[in-house]
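Worksheet: one structure, shown below.
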Amino acid sequence: MSVDTRVSYLGFDLAHPVMPSASPLTGDIDHIHALIEAGAPAIVLPSLFEEQIEHDAMAVHHGIELGAGAFGEAASGYLPELDDYNTGPSSYIELVRKAKAEAGIPVIASLNGVSHGGWTLYARVLEDEGVDALELNIYRVAADIEESSGHVESGYLHLVESVRSAIRIPLAVKIGPYFSSMASMAKRLSDAGADGLVLFNRFYQPDIDLEALQVRPNLVLSDSEESRLALRWIAILYGRVQADLAATTGIHTADDALKGLLAGASVTMMASALLRHGPDQLEIVRDGMVRWLEENEYESVNQARGSLSQMAVPDPAAFERANYMKTLMSYSPSW
Amino acid sequence: MTTQTTATIDGNEAAARIAHKLSEVVAIYPITPASPMGELADAWSLRKQTNLWGVVPDVVEMQSEAGAAGALHGSLQAGALTTTFTASQGLLLMIPNMYKIAGELSPAVIHVAARSVATHALSIFGDHSDVMATRQTGWAMLASSSVQEAHDMAVVAHLATLESRVPFLHFFDGFRTSHEVAKIDLVGDDFLRQLVDEDLISKHRERSLNPNRPVLRGTAQNPDVFFQAREASNPFYEDLPQIVSMTMERVGELTGRPHSLFEYHGDPEAEEVVVLMGSGVGAAVEAVDHLVQNGRKAGVLVVKLFRPFDTAAFEGALPESVRRIAVLDRTKEPGGVGEPLYQDVVTALSETGREADVVGGRYGLSSKEFTPAMTVGVFDHLAGDNTKRHFTVGINDDVTGLSIDYDPDVVEESEDVTRALFYGLGSDGTVGANKNSVKIIGESTPLYAQGYFVYDSKKSGSRTVSHLRISPRQIDSTYLIDKAGFVAVHQFDLLDSTDALDRAAPGATLLVNSPHGERTWERIPPRAQDKIAEKKMDVWAVDALEISRAAGLGFRTNTVLQTCFFHLTDFLPTEEAVDAIKEQIAKTYGKRGEAVVARNNEAVDQALQGLFQVEVGSIGEGKAQPLIPDVAPEFVQRVTAMMMEGSGDLLPVSALPVDGTFPTGTTRWEKRSIAHEIPIWDPSLCIDCGRCALACPHAAIRLTAYEARGDEPSGFKSKEPTGKDFEGLRVVVQVAPDDCTGCGVCVDICPARSKEVAKHKAINMEEKAIHLDVERENFSYFLDLEPVEREDVNAATVKGSQFLEPLFEFSGACAGCGETPYLKLMTQLFGDRVIVANATGCSSIYGGNLPTTPWTTNRDGRGPAWSNSLFEDNAEFGLGMRLALESQRQDAILLVTALAVELGELAERILETSTDPDRSDLDGLIETQRGQVDELKERLLSMEGPLPRRLEGVADALVETSVWIVGGDGWAYDIGFGGLDHVLASGRNLNILVLDTEVYSNTGGQASKATPRGAIAKFAAGGKPTGKKDLGQIAMSYGNVYVGQVAMGANPTQTVRAFAEAEQHEGVSLLIAYSPCIAHGIDMSTQMSHQKEATTSGYWPLYRYDPAREVEGQPGLYLDSRKPTIPFKEFASKEARFSMLHRANPEFADELMEQAQQDIDDRWHFYEQMVTIHRTAEYAEVEE
């Protein structure tokens, strides 16, 4: 018996629910082709970082201005002025164009803004370039001790509302888990116009170099363990928010993907596993998922989706406090 | 007639646009002030901008101007339309080829931004001494007096050379015209097409070398025919004036700007006339207008075509009424009857039989101001009773009495011209903003605008003054603004330390960048308050720094102040001005990225909200501090101080040395105090490693160890020594607070951190204002301490060397300079016995540019003796020094031998230490030799006869002297390479230090053969496609040259060791020192630590090749670097010179990066093999 693997995400009919998330892999057209070859039903391009764009532009500016107009023999400065520095979104747009022209599957652009106008500006730019959907990759470290959680949250909501009103294409919102009231926040984001919630993003984290006694931010690839966090919240949110749910971070194996689906995810997204093992890993995960569904006599992915969500399990508390209780009680001291 | 478009550009661009449009091959080489012409031509060709015939001119950088002239010559021979650009020494290097090109009647144009030729001193500024040195070469010489003319005459030159076959030198004054920004009418392609005669180009091609119709050109001729052949070209010169005249007429008909060989302006019945050419014309014309309006019969005759000098045309242009003529030359020909133009005029009048009294005057040497008032002075002198046949104007010659007087206030500038002055720092963008303002006014209004920019001589903390004129008509005023209706002071401190307020006209508007808000008036120094009140100035202020910072622009306050300028003047309604500024911002910065435009626009939007009027209040009390303390040497107080305060123009001739010889050690008297933050020492963490002092580019961090005296100032810090050195003494790390530039290199390299707070080191940047008084007192006390003696330290270590006194201090080099730490180290190790031959370049500028210079002396009065010859000859210059020293040493040995009986055992001792001495303990040997020479001199005092007197003159040569040949990569790799190679092969005892910044830093970052593959630089804006020359490898091939490749920040111990070994090596030694530069596009505060990656990537491997090891049967090469551990890309990505190319052209950048990595891998592989090989040949000791 063959399983119907089709799913719907952000209004797209996808062949199956295992897709690449935003990563350096999707930033290269050759890799995109390899992913499609491996069966990717849709792709999320790497994030267009407004901060990076600004940083690059200002770095070019400072580099050229350094020493200019200061010394008579080098009045124009010390570096030649070039015709184009490609500091804007042009190289990203080039990627979008290539992906759209060559992929033949839904292409979702990812955007990380920083300025008031930057989010909506670049959202419009990307929509105009023809991306099929947009994923807002929102991440900020709320380090200001004077800023309340309410203020942070309203900032997120305002942002989603602004972008939603600026574009017509489907809009997904990728966030981190660090909210006092994650469930409420998810609902409010959905209500603000998010067609999908992508749970959760990962960014550089500070590390300390004990040799140099310096802080060195870096990013290490995830492992399957990390999928548990998203698993909990997808299970809790499934059926309670309008938006589609996507599981990301820690999806390395067919088991990881299946768990996400059973918890309620419309799609599961992979990055670290693809970076570690190559694009073919996507096919391996998909095939493993299908095999498991077949072996367990599911007719379709949709049949399985959400079947172990909080609403669907006999013990809903398992996803909340009880989880801790059970662990504690199952612990058997050795004495 | 086609409508002409206008552009607001400088003289260099005005000429270069035509040159690029009418050439097929352009050979270039950087030299101030002509470099921008080559840069523009290169950039246009890179951008595939075509010439008139749709072809992109091939722009090629050569190794020197001599090379450029050679390429020019060859290109002409092969039939291309060819040009080049140059100035000063560069033009002199072209002279041999100029004779050839003229002798062969090859049509060509050299565009020259005329500049002083170095004599008693180098000068980058403008006069005609360079072009006058070529007047005998057979080239036609065409002079332009303004930016517009630099454009028009360029057209005339390119057209007339084709028709006449005589090559043309087109010149305009360096800086005054080359760098003046003005609104001009452009000669468009349509006009050029109408003007160019294609048949003439075909004829040029037909004359070219072609194997299908071979000819031979460049024969060697003998007495039988050379003379006749030389005369055979006469008809071409006879026809030339007519050709030029007709060409000027044709160009004039199309453009509406008629020109002629000699142009007269003034009363048609003038009795007195001034004759001149170049940028002084503008001032002379204004003076004549003033005189004519006042009833004087005066005129000015402007020379356009100087060579060939058309006597008839000259005579025809001169009103018949003229009785007295003053010929003004912007050059000096010592020993001549008069200067060149004077001589021509006298000869011309003699030949034509015209009777007139002719006198000759020199003016404007090295961009000395030449004003209408000076011209009036010339006319007054001409009309007076005691007219001097030869005179000077613009200076006070109290030695030979040649200068004439003039009344500086006799001519008022026209009222329809608005004059504005802007005082800023090099780092705040003032000049850039004003260039933009000139463009805005020029391009957004029917008004004409002119901008001229004056820089001081420093590379760090430099001050700039922008002179802007705006007028409804063309502006010909080619001199600085003296009375401005608008004065902007972009740095609050400049209010009192510049002449800003002196140059303000009564009732002028004053705009001040003030961080003091409502307290602005009371913070203005009383002296300045007094001037403001006296001149009833309208004062406005804005906290531009605050606005710029908030907009994310840091120190660059330019757009804020520019907006305020437009608001406070009425060239444009404010709203239109803001739009125009934003448009200009988009045009200037747009390609760098939207963020740059957005942030500047934000600054513009906020500017006017922050602008407020300052109410002039009561005048405070206070006295200005004296510029120089009265303990300074007399010369410094009398002469140097005047230059420092900007009054050098007032110094009389008698105040200046006759031969360019100046005292050393004068930077210590110029306390610029430019840092906002200075390093503050925390003794509790310090480990006495000395790295902070080693790395400090300005010798502003000093180390010593002293015996506690008990009279230390209360804030004076010291510590117990770390380790066994200096037991019983106190160690001090002291900042020179007024000499520090605040670069932060010392903090970056400090290895000692606090255990509790990681960012706190043994030395930390802190706000200067908080520490200034204490540290001033401390530094003063520090200078009074006895310095550490050489015998008390191991000088060949980092720590030991840093406890020695630096004899190179407080230079005007860039903050964070990568070169100066090496020079300083050299002086710490050997400074008291060094003679330096310094190639022209950054090091000769921060090392020898007045008013003050950094090479200094120790307490015994000993220190480096320094000289700069040229750019191209420095190795030879240094070799000459060694030859002279050796010759005198031999002479002294002979004399001591001859006087052996009288000198007794002293002679024996001297001969023992001076004839093949044991140099293993060089310091000890020199100490002994010095003692002997002192003794000898004492003895000679009581001896009579010619031999003792002769020996007195050469006795010092008995002491070992260390000759250091210093220069940058432009010298060593390119222009001076031939000489360097010869000196490397000489075997003489010489030390060569190449400060390798991998570009021509001093002229603004043009590519040299040291520029690495994949880097962008001027003249290689598309990325340098070829690899860097391995200079060390070339030197090693001689087998007897010591070679050290060092990078102080990567391995300071290896650096110090290499310096010590180089000095010890009895033969030629070559040190190639990695010298980060702002042209690399890096954060200069981390340039030292960044050098580590240069080494770990294998980009800059460290090694020492010591022939002494070969003698011992060991491989000569020792690699001090480990095998590369990081890819080149990782190092390169942190430098804008590489990363910008990656942004601009990622595919090509990747390709070059890959090749560059191969270069590195290949070189490393090669070196790895070399360290296992030793030579078998015995290298004979070279007898000196």
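In order, the protein sequence lines correspond to chains A and B. Under the numbering used here, the first residue of the first sequence is numbered 1, with each subsequent residue one higher. Under the numbering used here, the first residue of the second sequence is numbered 10001, with each subsequent residue one higher. Where a beta carbon is used, it is the ideal one built from N, C-alpha and C, also for glycine. Predicted model, so just to flag it, every value in this text is computed and none were measured.
Residue of A:109, A:88, A:173 minimising C-alpha distance to residue 192 of chain A: Ranking the options by Cα distance to residue 192 of chain A, first place goes to A:173.
Please classify residue 330 of chain A: is it buried, with 16 or more other beta-carbons within 10 angstroms of its beta-carbon, or exposed? Caution is warranted here: a pLDDT of 47 is assigned to residue 330 of chain A, below 50, making its placement in the model unreliable, and no coordinate value can be reported.
Residue 86 of chain A touches chain B at which residues, Cβ-Cβ below 7 Å? Against chain B, the beta carbon of residue 86 of chain A has neighbours under 7 Å at 11143, 11144, listed in chain order.
For the structure I just gave you, are there three or more beta carbon pairs, one from the region 11054 to 11067 of chain B and one from the region 11038 to 11046 of chain B, closer than 8 Å? Cβ pair count under 8 Å is three or more, so yes.
Delimiting residues of the beta strand (DSSP E) encompassing residue 10326 of chain B: 10324 to 10329 is the extent of the beta strand (DSSP E) around residue 10326 of chain B.
Considering only residues of the same chain and omitting the five flanking positions on each side of residue 10742 of chain B, which have a CB-CB separation below 8 Å? The beta carbon of residue 10742 of chain B is closer than 8 Å to those of 10674, 10675, 10676, 10677, 10678, 10765, 10768, 10815 in its chain, skipping five residues each way along the sequence.
Within 7 Å, strictly: CB atoms of residue 11019 of chain B and residue 10344 of chain B: Taking 7 Å as the Cβ cut-off, residue 11019 of chain B and residue 10344 of chain B do not qualify as a contacting pair.
Can you name the start and end residues of the alpha helix (DSSP H) that residue 11033 of chain B belongs to? Taken as a continuous stretch (DSSP letters only), the alpha helix (DSSP H) holding residue 11033 of chain B covers 11031 to 11036.
Entirely within the region 10494 to 10557 of chain B and at least 3 residues each: give me those beta strand (DSSP E) ranges in chain order. Listed in chain order, the beta strand (DSSP E) elements of length 3 or more contained wholly in the region 10494 to 10557 of chain B are 10504 to 10513, 10538 to 10542.
Taking CB distances under 7 Å as the criterion, tell me whether residue 10736 of chain B reaches chain A. Under the Cβ criterion of 7 Å, residue 10736 of chain B is not counted among the residues facing chain A.
Can you tell me where the alpha helix (DSSP H) holding residue 10730 of chain B begins and where it ends? For residue 10730 of chain B, there is no enclosing alpha helix (DSSP H); the residue is found in the beta strand (DSSP E) stretching over 10730 to 10735.
Per the DSSP calculation, residue 10109 of chain B is bridged to which residue(s)? Partner(s): B:10083, B:10168.
Residue 22 of chain A versus residue 45 of chain A - alpha carbon distance: Distance between the alpha carbons of residue 22 of chain A and residue 45 of chain A: 5 Å.
Alpha-carbon to alpha-carbon, residue 10899 of chain B and residue 10907 of chain B: Between residue 10907 of chain B and residue 10899 of chain B, the alpha-carbon positions lie close to 8 Å from each other.
Give the DSSP bridge partners of residue 10273 of chain B, in chain order. The partner list for residue 10273 of chain B (beta bridge, DSSP) reads B:10299, B:10325.
Hey, how far is the Cα of residue 10696 of chain B from the Cα of residue 10750 of chain B? Within the model, the alpha-carbon separation for residue 10696 of chain B versus residue 10750 of chain B is close to 11 Å.
When the cut-off is 7 Å and only beta carbons count, does residue 10752 of chain B lie next to chain A? So no, residue 10752 of chain B is outside the interface.
Taking the alpha carbon of residue 10758 of chain B as the point to measure from, which residue in A:213, A:12, A:67 has its own alpha carbon closest? Taking only the C-alpha atoms, the option nearest residue 10758 of chain B is A:213.
So, does the CB of residue 213 of chain A fall closer than 7 Å to a CB anywhere in chain B? With 7 Å as the cut-off, residue 213 of chain A counts as an interface residue toward chain B.
Members of the region 111 to 129 of chain A that neighbour chain B once the beta carbon cut-off is set at 7 Å: Of all residues in the region 111 to 129 of chain A, none has a Cβ within less than 7 Å of some Cβ in chain B.
Using a 10 Å radius around the Cβ and a threshold of 16 neighbouring Cβ atoms, would you call residue 10082 of chain B buried or exposed? Classification for residue 10082 of chain B: buried.
Chain-order list of residues whose beta-carbon lies under 6 Å from that of residue 10465 of chain B (same chain, five-residue window excluded): Only 10423, 10454 meet the Cβ criterion.
Is there contact between the region 11083 to 11092 of chain B and the region 10816 to 10832 of chain B, where contact requires at least three CB pairs shorter than 8 Å? Contact between the region 11083 to 11092 of chain B and the region 10816 to 10832 of chain B is present, because at least three Cβ pairs lie under 8 Å.
For the region 236 to 266 of chain A, list the alpha helix (DSSP H) runs that are entirely contained and at least 4 residues long, ordered along the chain. Counting only unbroken stretches of 4 or more residues, the alpha helix (DSSP H) elements lying wholly within the region 236 to 266 of chain A are 254 to 263, in sequence order.
Which of the three DSSP states is assigned to residue 10471 of chain B in this structure? Reduced to three states, the DSSP call for residue 10471 of chain B is strand.
Report yes if the CB atom of residue 11253 of chain B is closer than 7 Å to the CB atom of residue 10398 of chain B, and no otherwise. Here chain B has residues from 10001 to 11184 only, and residue 11253 of chain B is not among them.
Using a threshold of 7 Å, state whether the C-beta atoms of residue 10366 of chain B and residue 10127 of chain B are closer than that. Taking the C-beta atoms as reference points, residue 10127 of chain B is found nearer than 7 Å to residue 10366 of chain B.
C-beta contact flag for residue 10564 of chain B and residue 10597 of chain B at 7 Å: Their beta carbons are not under 7 Å apart, which means residue 10564 of chain B does not touch residue 10597 of chain B by this criterion.
Would you mind working out which of B:10184, B:10109, B:10835, B:11092 sits nearest residue 10006 of chain B, comparing C-alpha positions? The alpha carbon of residue 10006 of chain B has as its nearest neighbour, out of B:10184, B:10109, B:10835, B:11092, the alpha carbon of B:10184.
Kindly identify the DSSP beta-bridge partner or partners of residue 10307 of chain B. For residue 10307 of chain B, which the question treats as bridged, DSSP gives the partners B:10141.
Report the option in B:10713, B:10619, B:10594, B:10821 whose CA atom is closest to the CA atom of residue 10691 of chain B. The shortest Cα separation from residue 10691 of chain B among B:10713, B:10619, B:10594, B:10821 belongs to B:10821.
Should residue 11126 of chain B be listed as close to the ligand NAP, given that the test is whether its C-beta is under 6 Å from any heavy atom? The model on display carries no ligand, and the ligand NAP is accordingly not part of it.
Residue 264 of chain A and residue 238 of chain A: beta carbons closer than 7 Å? Contact: yes.
Note down, in chain order, every chain A residue with its Cβ under 9 Å from the Cβ of residue 10179 of chain B. Those within 9 Å of residue 10179 of chain B in chain A are 72, 75.
Entirely enclosed beta strand (DSSP E) segments - the region 10802 to 10890 of chain B, minimum 3 residues: Every unbroken stretch of the beta strand (DSSP E) spanning 3 or more residues and falling wholly within the region 10802 to 10890 of chain B is given here in chain order: 10834 to 10838, 10865 to 10867.
Any idea what DSSP makes of residue 333 of chain A, helix, strand or coil? Here the model assigns residue 333 of chain A a pLDDT of 46, short of 50, so the residue's position is not dependable and the matter cannot be decided.
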